[in-house]
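**Q** Right, I'll just put the structure down here and ask away after.
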Amino acid sequence: MRERDLGDTAPGTLVSYGRDSYYKPEPLPPSRELDLTDRFYETLADATFWLGQLSGISRELDFPPLLYTSLLRKEAMESAEIEGADIDYNALYSLETRALDDSVDANALASRSSSKTTKDTREVLNYERAVEDGIRAIDDGESLSVDLLHALHETLLSGVPDDRVDTETVGEYKTRPNHLGDFLPPVPGVVDGLMDALMTYYRTGGRYHPLIDIALFHYQFETIHPYGDGNGRLGRLLITLHLYDHGYLQRPNLYLSEYFNRNKPTYVDRMTAVRTDGEWEAWLAFFVEGIAKQAEESVTRTLALDELRRRYENEYGGVAYTKNRLACKLFERPYLTTKTVAKSFDVDHSTASRAIAALEEDGVLEEVTGKARNKEYRAREIFEILERPPQTY
Numbered sequence: 001m002r003e004r005d006l007g008d009t010a011p012g013t014l015v016s017y018g019r020d021s022y023y024k025p026e027p028l029p030p031s032r033e034l035d036l037t038d039r040f041y042e043t044l045a046d047a048t049f050w051l052g053q054l055s056g057i058s059r060e061l062d063f064p065p066l067l068y069t070s071l072l073r074k075e076a077m078e079s080a081e082i083e084g085a086d087i088d089y090n091a092l093y094s095l096e097t098r099a100l101d102d103s104v105d106a107n108a109l110a111s112r113s114s115s116k117t118t119k120d121t122r123e124v125l126n127y128e129r130a131v132e133d134g135i136r137a138i139d140d141g142e143s144l145s146v147d148l149l150h151a152l153h154e155t156l157l158s159g160v161p162d163d164r165v166d167t168e169t170v171g172e173y174k175t176r177p178n179h180l181g182d183f184l185p186p187v188p189g190v191v192d193g194l195m196d197a198l199m200t201y202y203r204t205g206g207r208y209h210p211l212i213d214i215a216l217f218h219y220q221f222e223t224i225h226p227y228g229d230g231n232g233r234l235g236r237l238l239i240t241l242h243l244y245d246h247g248y249l250q251r252p253n254l255y256l257s258e259y260f261n262r263n264k265p266t267y268v269d270r271m272t273a274v275r276t277d278g279e280w281e282a283w284l285a286f287f288v289e290g291i292a293k294q295a296e297e298s299v300t301r302t303l304a305l306d307e308l309r310r311r312y313e314n315e316y317g318g319v320a321y322t323k324n325r326l327a328c329k330l331f332e333r334p335y336l337t338t339k340t341v342a343k344s345f346d347v348d349h350s351t352a353s354r355a356i357a358a359l360e361e362d363g364v365l366e367e368v369t370g371k372a373r374n375k376e377y378r379a380r381e382i383f384e385i386l387e388r389p390p391q392t393y
């Protein structure tokens, strides 16, 4: 970035650093009054409404924990995809199912594998674990702090393949500059002060509506780019934690990364426009619209899963046959093998095979490996709901 790239209203300056100049953002809040339109406030009201709806159904629906994990997993996968990973649900659930069958830890199994696909799943599993750790910390009364950010960063990058990590400092701020194209974020010597100011702004409650402040925080965090790598993943994860901390989410089932992933050029352009020209309003409008659309999408997807669960309970519930018990259990374990079913219901291999075959014939299960042996199955309709593109935008 060059001096002529910055407009008079840029909320930051370029500071000489060797042959380059790094960008030093002004602390929050923005130095000028925000010019937010009636349309923006209508979108903000929509976002608040849909977050309320999502929290309401999260309280009312008695979903198995694994189903909420599946919704969190969608956020983790979308976040990894933004960073260039290519991982599907099958790879993740296959890993977990094999770990369950062999009574080992899924992360340990991923670490031992030489498969790139299996190793890449660590990124998604790490994201899930980091979100859960953050939620647990908030529930335990811990505030969002620099120490917590460092811990979450370490969780995100632990065990990730070397070609997916571009830093030697994990769990601490960067010790060498990191470039984003021709943009040089703040260099290591000034990161501590900038992050302390940002965390102070958050802890003191900000200046605006919480959703506006969360958007401002996300912009500022990504502009500071405090870590050597993993800033995008941690920044998106913090949105979920902020929404939870403010009481907007009952569970981490808002996957905003899906919106960012499908609007990546706009996401980048809006933040760049803030840095160069102070176009806060366009960034805030984009962010809050994303919250509104994605919260509505989360509601729609969650209700679709609940409707399917009720249908299975009506069709298969109340009968003790293994087939029926398995159908109702799919919302706790939607990916399985014959060994999984045999262990879960304490039946022999042949009984488990017949139950799977019957549900496969009903269109409830589908085989996904194409192999003659060591077959793996998934709940077809559950995964159709999880994998379908957004229905609300």
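For the sequence shown, UniProt numbering gives the first residue as 1, with consecutive numbering after it.
Where a beta carbon is used, it is the ideal one built from N, C-alpha and C, also for glycine.
Everything numeric in this text was worked out from a predicted model, so none of it was measured.
Identify every residue that forms a DSSP beta bridge with G12.
**A** Looking at the DSSP assignment, G12 forms a beta bridge with P25.
**Q** Count the other C-beta atoms from every protein chain shown that fall within 10 angstroms of the C-beta of F49, then say buried if there are 16 or more, exposed otherwise.
**A** By the neighbour-count rule (16 or more Cβ atoms within 10 Å), F49 is not buried but exposed.
**Q** Is the separation between the beta-carbon of E361 and that of E367 shorter than 8 Å?
**A** Result no, Cβ atoms of E361 and E367 do not sit closer than 8 Å.
**Q** Alpha carbon to alpha carbon, how far is V15 from Y22? Give it in angstroms, no decimals.
**A** C-alpha separation (whole angstroms): 5 Å.
**Q** Can you look up D306 in the DSSP assignment and give me helix, strand or coil?
**A** In the structure shown, D306 sits in a helix (DSSP, three-state: H, G or I).
**Q** Can you pull the DSSP bridge partners for Y93?
**A** In the DSSP output, where bridge partners are listed per residue, Y93 has none listed.
**Q** Leaving out the 5 sequence neighbours to the left and right, which residues in its chain are closer than 8 Å to Y267 when beta-carbon positions are compared?
**A** Cβ within range, chain order: F260, F286.
**Q** Could you give the first and the last residue of the continuous beta strand (DSSP E) run that contains R325?
**A** Careful: R325 lies outside any beta strand (DSSP E), inside the alpha helix (DSSP H) at 322-329.
**Q** Can you tell me whether R207 is helix, strand or coil according to DSSP?
**A** R207: coil per DSSP, three-state reduction.
**Q** Do you know how far the Cα of Q53 is from the Cα of L44?
**A** Cα to Cα, L44 sits roughly 14 Å from Q53.
**Q** Going by CA-CA distance only, name the one from L71, N90, E222 that's closest to G370.
**A** Minimum Cα distance to G370 is reached at N90.
**Q** DSSP three-state label for R32, please.
**A** Correct three-state label for R32: coil.
**Q** Go ahead and pull the three-state DSSP assignment for L180.
**A** Correct three-state label for L180: strand.
**Q** Quick check on this structure: which residue in E296, E222, D245, G206 has the alpha carbon closest to the alpha carbon of L28?
**A** For the residues E296, E222, D245, G206, the minimum Cα distance to L28 belongs to G206.
**Q** Tell me, which residues are paired with D20 by DSSP?
**A** Answer is Y17, bridged to D20.
**Q** Is it the case that the Cβ atoms of I243 and I214 are separated by a distance below 8 Å?
**A** Residue identity check: residue 243 is Leu in the sequence provided, not Ile. For L243 and I214, yes; Cβs fall inside 8 Å.
**Q** With a cut-off of 8 Å, do at least 3 Cβ pairs link the stretch 295-303 to the stretch 266-285?
**A** No, they do not touch.
**Q** Among the candidates D86, F331, L336, I212, whose CA atom is the shortest distance from the CA of I291?
**A** Of the listed residues, the one whose Cα sits closest to I291 is I212.
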